[in-house]
Structures are given as structure tokens and as C-alpha cells.
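Everything below concerns the one structure shown next.
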Amino acid sequence: MESDNQHLTLDELKRQRNREASARYRERNREKFNQRMRDWREANREKDREHKREHRNRKIANGTPEEVAALRAAESDKTKRNQNRCRDQVFTAYGGYKCNCCNETERMFLSIDHINNDGAAERKSGKYNGGGSAFYNWLRKMGFPEGYQVLCMNCQIGKHKNGGVCPHQTSSTLKGIYYG
Numbered sequence: 002m003e004s005d006n007q008h009l010t011l012d013e014l015k016r017q018r019n020r021e022a023s024a025r026y027r028e029r030n031r032e033k034f035n036q037r038m039r040d041w042r043e044a045n046r047e048k049d050r051e052h053k054r055e056h057r058n059r060k061i062a063n064g065t066p067e068e069v070a071a072l073r074a075a076e077s078d079k080t081k082r083n084q085n086r087c088r089d090q091v092f093t094a095y096g097g098y099k100c101n102c103c104n105e106t107e108r109m110f111l112s113i114d115h116i117n118n119d120g121a122a123e124r125k126s127g128k129y130n131g132g133g134s135a136f137y138n139w140l141r142k143m144g145f146p147e148g149y150q151v152l153c154m155n156c157q158i159g160k161h162k163n164g165g166v167c168p169h170q171t172s173s174t175l176k177g178i179y180y181g
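Positions in the sequence shown are counted from 1; adding 1 to them yields the numbering used here.
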């Protein structure tokens, strides 16, 4: 090792030895170090975000087209994983992937419904700037407030067209109104 370091100046050699000592310390005290870093990131959220943004921009500016494409693909995958995790948490909090009305379990058909039929007004109020992932993130951030339920799209549209009550919940159907 000493033969590899012959070309280094005294200051460079000190920095290298300090980096190696720091790495050994981090390895021996991994949980303590990780907790300290989590605390720092929490206390310095904006500084941490700016550092990460600069690091990403440097990687994009200095990377080959293949490296940039790989970075963007990794970011896209991470975003999808985070959105799916958030969606799973929201649906779990509101009773799981099962329609509150008809017991439909096909995930593709399910969504979160505003029980009081105030979804349009809530979106316009700017509480969560849009729908979909932004709405799910807002629900999670607010601690999964009451006033929401899981419904399939059939029940949700039926509820909308039937004055706020799903046709499954009424004694008569809308068959005469829509079909004849």
C-alpha cells in the first residue's frame, strides 16, 4: 500500500488516511452513523435536497448518453415503486383492495371515493394539486382522514348518476331510466 502512495503529497496522504479511518468508523458504528445522518437530513431538508439536485445534475451533465438513460430509467422505476407503495398504504388504510359496495377486488377497477360527493370542490380548493398520486400522497400525509372509501368505478359512476347513492344500494334500479 505504501508503494501505491509514493506519488501523493503529504496533504493528499493525510486526506486518504482520514477517509479510510472514517470508512472504518462508519462500518463499526453503522446504526449510530445512519441515525446521525437521518437527523441531519431532517434538520437540513432544503440543504439536503439542493445537494441531491446538484449531484444529479452533475451526473447528467458529465454522463454518457447510456449513463443518463440508465439514471433516468432508475429514477422512473423508483418513482413507480414509491407511487405503488403509497397507493397500497392508502388502500390498506381504507379497507384494502375491495369495493365497499359490491365487493369487487380487481385492483384496476378500484379507486378512492369521496363519501360526501365533494371531490370536485376539494380538487378545486387546491388541497393536493391534482389527482392520482398527488391525492394519495395527500391522504397519507394527512393521516388517512375520514370521508373517503374504496369503490369500484361502476359504483362510483353509478353513485354520481344516481344523486350520491350507488344503484346497488337502492331498491329500484336505473334500468328504466337509461335503457328504456
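Heads up, the beta-carbon is just placed ideally off N, CA and C, and yes, glycines get one too.
Could you tell me the boundaries of the beta strand (DSSP E) in which residue i lies?
{"i": "aspartate 89", "result": "Per DSSP, aspartate 89 belongs to no beta strand (DSSP E); it is in the alpha helix (DSSP H), 66-94."}
{"i": "isoleucine 158", "result": "Element bounds for isoleucine 158: not the beta strand (DSSP E) but the alpha helix (DSSP H), 154-162."}
{"i": "leucine 215", "result": "This structure cannot speak to residue 215, because the chain is shown only from 2 to 181."}
Distance, Cα to Cα, residue i vs residue j?
{"i": "arginine 57", "j": "tryptophan 41", "result": "20 Å"}
{"i": "lysine 162", "j": "threonine 80", "result": "35 Å"}
{"i": "alanine 191", "j": "tyrosine 129", "result": "This structure cannot settle anything about residue 191, because the visible part of the chain is limited to 2 through 181."}
{"i": "arginine 46", "j": "asparagine 104", "result": "42 Å"}
{"i": "leucine 152", "j": "aspartate 114", "result": "6 Å"}
{"i": "proline 168", "j": "leucine 111", "result": "17 Å"}
{"i": "glycine 159", "j": "glycine 120", "result": "15 Å"}
{"i": "glycine 165", "j": "phenylalanine 34", "result": "54 Å"}
DSSP three-state call for residue i: helix, strand or coil?
{"i": "aspartate 49", "result": "helix"}
{"i": "isoleucine 61", "result": "helix"}
{"i": "aspartate 40", "result": "helix"}
{"i": "leucine 11", "result": "helix"}
{"i": "lysine 33", "result": "helix"}
{"i": "asparagine 19", "result": "helix"}
{"i": "glutamate 28", "result": "helix"}
{"i": "glutamate 55", "result": "helix"}
Excluding the five sequence neighbours on either side, which residues of its own chain have a C-beta within less than 7 Å of the C-beta of residue i, listed in chain order?
{"i": "arginine 141", "result": "Cys87, Gln90, Val91"}
Can you name the start and end residues of the alpha helix (DSSP H) that residue i belongs to?
{"i": "tyrosine 137", "result": "134-142"}
{"i": "glutamate 147", "result": "That residue, glutamate 147, is in no alpha helix (DSSP H); it is neither H nor E in DSSP."}
{"i": "lysine 125", "result": "120-126"}
Less than 7 Å separating the Cβ of residue i from some heavy atom of the ligand FMN?
{"i": "alanine 22", "result": "For the ligand FMN, the structure offers nothing, since it holds no ligand at all."}
Please return the same chain residues whose Cβ sits closer than 6 Å to the Cβ of residue i, not counting the five positions on each side in sequence.
{"i": "isoleucine 116", "result": "Gly148, Gln150"}
{"i": "lysine 53", "result": "none"}
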